[in-house]
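Numbering (our numbering), first residue to last: 175 to 445.
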């Protein structure tokens, strides 16, 4: 990734906006087509899986396609002592871009479906079991992103990350937001995928805890490659660098996120 930092930050903002627009927009579309909450969640999750995969492939070569503050921080932390890791200045540019993009994406989705541009969500998600679901979802995401890079399989990132998010929609009680930027953005829409502002703080805390657990699991399970850049995996396209062992050419700075960010819970008060 040789693009200027400003261009990379713009890619993160646009990608985050598109991701949230997919999540929110597909939720609105689904609720307009059926009253079956299970079918609504299925439509929402499928749209998110396909949309996320496309966005990772598209923006991976530019910014790494993180679209997710906890992924960006995890990538920086994992390779902070590794030459070629994600610089702190990139982290400082990526995270605000992701947050702004996520809010813009929610507003855009509301505009496309004739909803109020900004209307705070009333979907309460403060229950303890939902927070546990977020810890699990985020830990799994970070483990996947960093673990693939550590094992030289970052090229599987787009498919693996999108598939994980699709599965986590259904096996976690929270439907796997796993992304602070997306969580904040979804507070701006009182539709299927929304989350009440009062629930945002606890969700973000749970996501940070999950990210920490994910980083710890990576350190415990995977050996950092010698002679290569340990980095994370990617949700994005792997860039082969001038390192002694090209099989470990996936760097943390090329990770893509992954993002998540999913839709509503399988109950009317869930999305």
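Note that the Cβ used here is the ideal one computed from N, Cα and C, for glycine as well. Computed from a prediction, not measured in an experiment: that's the story for all the values here.
- With contacts defined by Cβ atoms closer than 9 Å, residue 194 and residue 277 form a contacting pair.
- Per DSSP, residue 308 is one residue of the alpha helix (DSSP H) stretching across 302-324.
- Ranked by Cα distance from residue 390, the first of 381, 228, 313 and 357 is 313.
- In the DSSP assignment, residue 230 falls within the alpha helix (DSSP H) that extends over 211-237.
- Residue range 371-395 is occupied by the alpha helix (DSSP H) that includes residue 387.
- As the crow flies, the alpha-carbon of residue 332 is around 30 Å from that of residue 295.
- The Cβ-Cβ distance between residue 352 and residue 306 does not fall below 9 Å.
- In this structure, DSSP gives residue 289 a state outside helix and strand, which the three-state scheme calls coil.
- Secondary structure at residue 260: coil, using DSSP grouped into helix, strand and coil.
- Ranked by Cα distance from residue 344, the first of 184, 217 and 187 is 217.
- In this structure residue 207 is exposed. Its beta-carbon is surrounded by fewer than 16 other beta-carbon atoms within 10 angstroms.
- Between residue 280 and residue 362, the C-beta spacing is below 9 Å.
- For residue 348, the three-state secondary structure derived from DSSP is coil.
- The C-beta distance from residue 358 to residue 335 rounds to 20 Å, too long to fall under 8 Å, and the pair is not in contact.
- Under the three-state reduction of DSSP output, residue 284 falls in the helix class.
- If you check the CB distance, residue 360 and residue 236 do not come in under 9 Å.
- Contact between residue 387 and residue 309 is confirmed by a C-beta separation of about 7 Å, below the 8 Å threshold.
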